[in-house]
């Protein structure tokens, strides 16, 4: 006998004859609930959240804040009762009115760019963190992607997200009795989530396909409404695909390299095909990290097939409208595939472009001529994008250093990778209590214009007593949440009932509470605070100034070192002298994050500088009045002003990691003992910590208007999106005639570049210069078959170090004054504007106002 009944999940394992979707039978008066639940706008509208919670508080928690599931599970009797409850109906109508107003409201983009009618950004990411009830995210990258979508909708920026719909999402974490991380996969049921099928004109779910070595894999399309924006997700787990094909969208960041490359082909190539199948015509493509870099391959192929372009013209049109954001300097976060894997999976695609294996491989190599080098997805994205950025000022500099070898003829500062610092969607992360205070004392304008510096000055008008009471309520709720969660964790581990009951006593709702929550990657240094355990005990156990710590975070399933850090932490927390003072919360997700960033007093962040690209958790804490204690890395280099939190160190870089850990752990202890605890526990009139509250207000006033995704999206739009859009529209006009012309010009530059040189240079420097003196430089250039207007000749003037290198040179563009025989004569007058050992150098590059052309690798000549 075959047992087809699985007792573990109590589902019958047979193939259905026919399936269909059953929807709730809502009374007519409650029909607005269907519309409210189907758009994730409710996630950042507290009135809508409370509306769903009000329907059935216990069920709301049981369905993990999923209104689609709530409406499907609530009883018909309960619905009838709610339909006759005038108070509930009034509440629902207010929420629905807010939603309708939001969807129809005039937007920033429409006002700023009224003529950009055909503008559309396609935003690709491997993960999107929109809410806990749509678990297709792993961590910070996904949360940033979700906040990006939300703010694009708030601002009215025409943008569509593209990602994968994972059947099992990212793993759920639990710990065994020894503190070792275990992973559990939980199935997502898409018809019970805020996902709707994308249907074609025939009423059937729309599907696209990609080609893999094992054969064709089809993907069906789903849509998620995110305010005014929308997200398109690809799903391969359905009948008609092979078992291997179905597994492509099982897990986020699961499997081996072959699974990873297959998923990235589906995301990049399949994502472009999905947009085309739906009739979208994006003018800008934004790759959020290198996972989606194969989208350029499909875009080029489509232009060649549909518009008759050759590879060069299609590549130029694609590159001009591509945006690439790199998110990490850590090697594990930058996909690198071996050559044999690229050949196995991409051969049909690059042959379709008329490319050889070597020419395609060169696109993904830092050094295109190094046959031993693997294929880097970020390198591919950088080579085929006119716009590229890191996610903080420091990360921009780190990225320019990291990828400088792609542009060997450039000074590091000129490498065409800029920065746009990350932000957060404040409405998503702020607590109800703090939002209510802002509404009362700042005005609701903060929700629509979070980047308006002026309105945040009004934070100082919030009475100290009110802001402190609101914050204390959040800390109390956090402690209640942690105790309940800890009890469930302990029960699952099978500990004694006495230990389970002891969870009711952990943490003190009035004690200084530290939060530390992030991926347990080793560079995050989760155990730095435990380096001197005896000193930590003294700090945490002072009767007059107690301190406590709440920790959460996952290690990647294959990261044994990260798992070992979690185990160490669990064992340290069991020390009798620390019991009840340190708690680890399992299965860190958006719900846990909300409680933490809204309820702790201090957000601790101590990565190994400069490996934290940005970090956004501290921004989420700041909007809730939580103070940051952080290494000067990522966003905190820009956010810290001396009054709005604390810095660990002064931004030093260390050669010896052991010495760094020793110095910085002591700095943390000193700050706890000498600054944080005394400031928190020093109470003034009314029993309030006036100094601490003043710092809370300084933090909100300085951080909230800057580190939000509205400011971030405006930057992307003004600096990248609009320029990319305009360039693409120009190139596409007249059957892509401008793209063909530009590609033809570039081909000529490449063809004749070998004949270009600086044959001679002279100047009018006569001995020593005085500050303010002016001198003239003359360069004689052999241009071969190229014309003066094809070349940009520059004189770089600046400090010279002992090795002959430049320090922050000033670039002076020289002017063609005429010809001398077969040479073009260029001249420039330069003013000596700095004192010390200085010098100049000359260089030639293609003459273009577009950096991706002007700085084309291999086309820079120095003298």
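In the numbering used here, the protein residues as written are 27 to 889. No residue lacks a Cβ here, since even glycine has one placed at the ideal position from N, Cα and C.
Does the distance from the C-beta atom of residue i to that of residue j stay below 8 Å?
i           : j           : result
residue 368 : residue 401 : yes
residue 672 : residue 701 : yes
residue 645 : residue 719 : no
residue 591 : residue 546 : yes
residue 240 : residue 277 : no
residue 579 : residue 621 : no
residue 544 : residue 643 : yes
residue 193 : residue 268 : no
residue 856 : residue 797 : no
residue 122 : residue 80  : no
residue 421 : residue 166 : no
residue 441 : residue 429 : yes
residue 862 : residue 825 : yes
residue 946 : residue 769 : Because the chain in this structure spans residues 27 to 889, residue 946 falls outside the shown range and cannot be described.
residue 762 : residue 333 : yes
residue 445 : residue 415 : yes
residue 817 : residue 734 : no
residue 687 : residue 495 : no
residue 481 : residue 467 : no
residue 851 : residue 845 : yes
residue 170 : residue 448 : yes
residue 156 : residue 248 : no
residue 703 : residue 571 : yes
According to DSSP, which residues form a beta bridge with residue i?
i           : result
residue 869 : 820, 888
residue 787 : 805
residue 853 : 804, 841
residue 368 : BP columns for residue 368 are empty, so no partner.
residue 409 : The partner list for residue 409 (beta bridge, DSSP) is empty, contrary to what the question assumes.
residue 540 : 575, 628
residue 20  : Residue coverage of the chain in this structure runs from 27 to 889, which leaves residue 20 outside it and unanswerable.
residue 416 : 445
residue 190 : 260
residue 235 : 244
residue 826 : 832
residue 149 : 187, 312
Throw me the rounded Cβ distance for the residue i and residue j pair, which I believe falls under 8 Å.
i           : j           : result
residue 573 : residue 566 : 5 Å
residue 244 : residue 217 : Contact flag wrong, Cβ pair sits at about 19 Å.
residue 732 : residue 454 : Not confirmed; about 17 Å, so no contact.
residue 198 : residue 213 : Wrong, their Cβ atoms sit about 11 Å apart, outside the cutoff.
residue 258 : residue 304 : 7 Å
residue 154 : residue 195 : Not really, about 11 Å apart at Cβ, beyond 8 Å.
residue 371 : residue 287 : 5 Å
residue 508 : residue 611 : 6 Å
Determine the extent of the alpha helix (DSSP H) in which residue i is found, giving its start and end residues.
i           : result
residue 892 : Here the chain has residues from 27 to 889 only, and residue 892 is not among them.
residue 73  : 72-81
residue 505 : 490-519
residue 290 : 283-291
residue 106 : 102-109
residue 694 : 683-697
residue 706 : 703-707
Between which two residues does the beta strand (DSSP E) harbouring residue i extend?
i           : result
residue 261 : 255-261
residue 244 : 241-252
residue 350 : 348-351
residue 311 : 310-314
residue 201 : 198-201
residue 207 : 207-210
Is the CB of residue i under 8 Å away from at least one CB in chain C?
i           : result
residue 516 : Any reference to chain C falls outside this structure, which holds one protein chain only.
Subject >> the stretch 286-302 contacting the stretch 144-152, beta-carbon criterion three pairs below 8 Å >> reply: yes
Original post:
Is there contact between the stretch 721-739 and the stretch 176-183, where contact requires at least three CB pairs shorter than 8 Å?
Top reply: yes
Original post:
Looking at C-beta atoms only, is the number of pairs between the stretch 347-367 and the stretch 310-330 that lie closer than 8 Å three or more?
Top reply: yes
Original post:
Between the stretch 399-415 and the stretch 691-698, are three or more C-beta pairs nearer than 8 Å?
Top reply: no
**OP:** Check whether the stretch 644-660 touches the stretch 610-629, counting contact only when three or more Cβ pairs, one atom from each stretch, lie closer than 8 Å.
**Re:** yes
Original post:
Between the stretch 591-609 and the stretch 198-207, do at least 3 Cβ pairs fall closer than 8 Å?
Top reply: yes
Original post:
Looking at C-beta atoms only, is the number of pairs between the stretch 182-192 and the stretch 547-566 that lie closer than 8 Å three or more?
Top reply: no
Original post:
Are the stretch 669-683 and the stretch 720-727 touching by the rule of at least three beta carbon pairs closer than 8 Å?
Top reply: yes
**OP:** Count the C-beta pairs between the stretch 522-535 and the stretch 606-613 that are closer than 8 Å, then say yes if the count reaches three, no if not.
**Re:** yes
Original post:
Below 8 Å, can you find three or more Cβ-Cβ pairs linking the stretch 826-837 to the stretch 874-887?
Top reply: no
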